[in-house]
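Chains as they are written, first to last, in the working numbering: chain A, 2 to 354; chain B, 3 to 402.
Here the structure is laid out as structure tokens; the discussion comes afterwards.
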């Protein structure tokens, strides 16, 4: 047996392949369906892209899914929505419903546009994709609740949500709202188009549900310190880069009254902070990673946040600095093989002697 | 008179292509205003024509859209237009029809035909979604503007399937009546041809029941009103109306100067099979239905002073394969023998010029909203996916 990790990670399939828990060997690379990336001339490739291209020459590539297209009209958010709407694997029907929804949205808006007088025409947003994305944005919650057990009781603790989780919740709420709370006889595309238009103008039941979640989180903010884990730092960094203004603005609207309350809490927690002086430097660096803008917008100060240990800091920093998850997955994979590796190392040593 | 045409930035590329395709005889100068922020109100778009009268349209206007005025729309087409086109009219707030080769050919035949000879049958055929019904509607518009009497059966397939009420005919015991379909059709017929109803007088006395009868010499309008109000005998009324018109078509042409046009969409249903069942669950043959029986008599070319415009349609047809679109496949032997001789008019997918025109029209009406659909890449993808088929393109642009 070869000694090195890469030797073990050659494209290998076991003789007996259990399909239920099967997954691709991490050696395989993801397929790239987007056409524009292949049209970049040699000179304009960055070093990263050159590396990837060289890697593709030697590594095998996973089979592309049925939904991967090189079409210019491909939208990953819409694909995700279709998958979430799908029942019993009937993607054709789910896609049909989505296209009918987009058509119905467009028809309503274009009709209003053509009937409106000249001055009012610009008010109507006719692009169904823009309406869809904006409506989804308006439905995405900023903060969520997690059920954490402390002292035998379960508390609903407010936690920050990752971008994926927010998007998932927005889509899930939209679909369940249209399936359950609407008239049974109306067709799904009609229900969806009505709800999307309402969400676009920040009305409707889904946006109401989001506001209710925010209110719950606000009312439970006393338990915020029960959260002991830190959310994925990279996600916050990315989110802060993308959405600083909009999020800050949105949160400022919702949490105007929180400033005074915040000041009371900081006084009581002053004592706790004095104990953890050794990680002060770490705390500052943590705050940078976690993202001041997000919490500042909520009216929470640093005092509310649980201070992390040194080991957490190191791990999160290294996560940010790493280019790819490859070494991590390799580590995970090789952990299974560690026994073999050790054994082979022992063998090597024996052979040397 | 040289007309100045101004175009916006995004139309520049398509204008270059269309300029080569359009052999415009007027010698108009096409100027591109790259820096012009908006086109002026009085400019003429390359895909529209101001010639709204089908009689004056010629090859010059091929590929261009002409507008049907809203007043005429309800009068001429209470029931004739395809479903998706009606939705489009509602959305765009205007009814625009493209001038295409099959419709122009049909109109030129109608202009040059001799109406003292027996009626000529014209048959529009083509692939699914290629524009047969719309060409037929264009021709019907021409006929109405010329003052013809138009008998438009919007979809003959609806008469041979999904019949809610089937009554045994009072006139002939072996046949069956369809009161609902017949009364609907009579209502729409009355809406289309108001002005003729008082002019045409009946030649025969019709007795409906022991107490009711329509006398000789009374206007056709009375008969039609009776058919609409007395739903039970409406199928026989339809038969009577068709018979009267057939008998009087030649004389009316000489005396009053108008001609008879019979437009049937989905004529292959007349000789196919039906899905209607009798009470003992045995299928009804098409000739056992009063409406179909009378229509078949109309299609026979034993009358003068008009024309029969027919369209084949696989979409609503029963027991025919979806790949069939040619006349002998869809009409069957019996149908072909009845229709023979006819003038076949093939309808094909959009040509490049027509596709350009359609694309520009959708852009103008703010229908293509996806940012990528306005690029070259998106346009190529549309051409590839739709194969320039009009209905497929329309459905695709609906969600883009």
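Heads up, the beta-carbon is just placed ideally off N, CA and C, and yes, glycines get one too.
Check: Neighbourhood of residue 37 of chain B by C-beta, 8 Å cutoff - its chain only, sequence neighbours within 5 removed; Outcome: Bear in mind that a pLDDT of 41 at residue 37 of chain B, under 50, signals an unreliable position, so the model cannot answer this.
Check: Close Cβ partners of residue 121 of chain B (< 7 Å) along its chain, the five nearest in sequence each way excluded; Outcome: 303, 305, 306, 308, 309, 310
Check: Of the listed residues A:90, A:148, A:126, nearest to residue 68 of chain A (C-alpha basis); Outcome: A:90
Check: Residue 74 of chain A to residue 142 of chain A span [Cα, whole Å]; Outcome: 27 Å
Check: Closer than 7 Å to chain B by CB, residue 20 of chain A; Outcome: no
Check: Close beta carbons around residue 171 of chain A, own chain, < 6 Å, minus the five adjacent residues each side; Outcome: 137, 140, 141
Check: Contact test: residue 184 of chain A Cβ vs the ligand FAD heavy atom, cutoff 6 Å; Outcome: As presented, the structure is devoid of all ligands, the ligand FAD included, so that no description of it is given.
Check: Secondary structure of residue 28 of chain A, DSSP reduced to three states; Outcome: coil
Check: Residue 316 of chain B (DSSP reduced to helix, strand or coil); Outcome: coil
Check: Positions along the segment 92-121 of chain A whose CB lies within less than 7 Å of some CB in chain B; Outcome: 100, 103, 104, 107, 108, 111, 112, 114, 115, 116
Check: Residues that residue 72 of chain A contacts on chain B, provided the C-beta gap is smaller than 7 Å; Outcome: 383
Check: The segment 337-354 of chain B touching the segment 288-297 of chain B, judged by at least three CB pairs closer than 8 Å; Outcome: no
Check: Separation of residue 86 of chain B from residue 108 of chain A, as counted between CA atoms; Outcome: 12 Å
Check: contact_flag[the segment 122-137 of chain B, the segment 277-284 of chain B] where n(CB pairs < 8 Å) is 3 or more; Outcome: no
Check: Closer than 9 Å at the beta carbon, the chain B residues around residue 127 of chain A; Outcome: 368, 369, 371
Check: Minimum Cβ-Cβ distance from residue 194 of chain B to chain A less than 7 Å; Outcome: no
Check: Entirely enclosed alpha helix (DSSP H) segments - the segment 76-135 of chain A, minimum 4 residues; Outcome: 77-86, 92-116
Check: Counted within 10 angstroms of its Cβ, other Cβ atoms place residue 393 of chain B as buried (16 or more) or exposed; Outcome: buried
Check: Boundaries of the beta strand (DSSP E) in which residue 154 of chain B is found, first to last residue; Outcome: 151-155
Check: Neighbouring residues, chain A, relative to residue 93 of chain B (Cβ below 7 Å); Outcome: 108, 111, 112
Check: Under 7 Å between C-beta atoms of residue 75 of chain B and residue 105 of chain B; Outcome: no
Check: For residue 237 of chain B and residue 160 of chain B, the rounded distance between their alpha carbons; Outcome: 15 Å
Check: Interfacial residues, the segment 333-362 of chain B to chain A, with Cβ spacing under 9 Å; Outcome: none
Check: C-alpha gap between residue 219 of chain B and residue 204 of chain B, whole angstroms; Outcome: 5 Å
Check: Test: residue 143 of chain B CB closer than 7 Å to a CB of chain A; Outcome: no
Check: Inter-residue CB distance, residue 126 of chain B and residue 347 of chain B (contact presumed, cutoff 8 Å); Outcome: 5 Å
Check: 7 Å Cβ cutoff, residue 149 of chain B in contact with chain A; Outcome: no
Check: For residue 178 of chain B, the nearest candidate out of B:313, B:341, B:294, B:265 (CA to CA); Outcome: B:294
Check: Buried or exposed by the 16-neighbour rule on C-beta atoms within 10 Å, applied to residue 324 of chain A; Outcome: Model confidence at residue 324 of chain A stands at a pLDDT of 45, short of 50, so the residue's coordinates are unreliable; what they give is reported in the following sentence. Counting Cβ neighbours within 10 Å, residue 324 of chain A comes out exposed, since fewer than 16 surround it.
Check: Selection from A:202, A:224, A:218 that minimises the alpha carbon distance to residue 152 of chain A; Outcome: A:224
Check: Per-residue burial, residue 181 of chain A [other beta carbons within 10 Å of its own, 16 or more giving buried]; Outcome: exposed
Check: 7 Å Cβ cutoff, residue 400 of chain B in contact with chain A; Outcome: yes
Check: Span separating the alpha-carbon of residue 268 of chain B from that of residue 78 of chain A; Outcome: 42 Å
Check: Within-7 Å CB hit, residue 296 of chain A to chain B; Outcome: Because the pLDDT at residue 296 of chain A is just 48, under 50, the model does not fix this residue reliably, and the point stays unresolved.
Check: Under the three-state DSSP convention, the category residue 269 of chain B falls into; Outcome: helix
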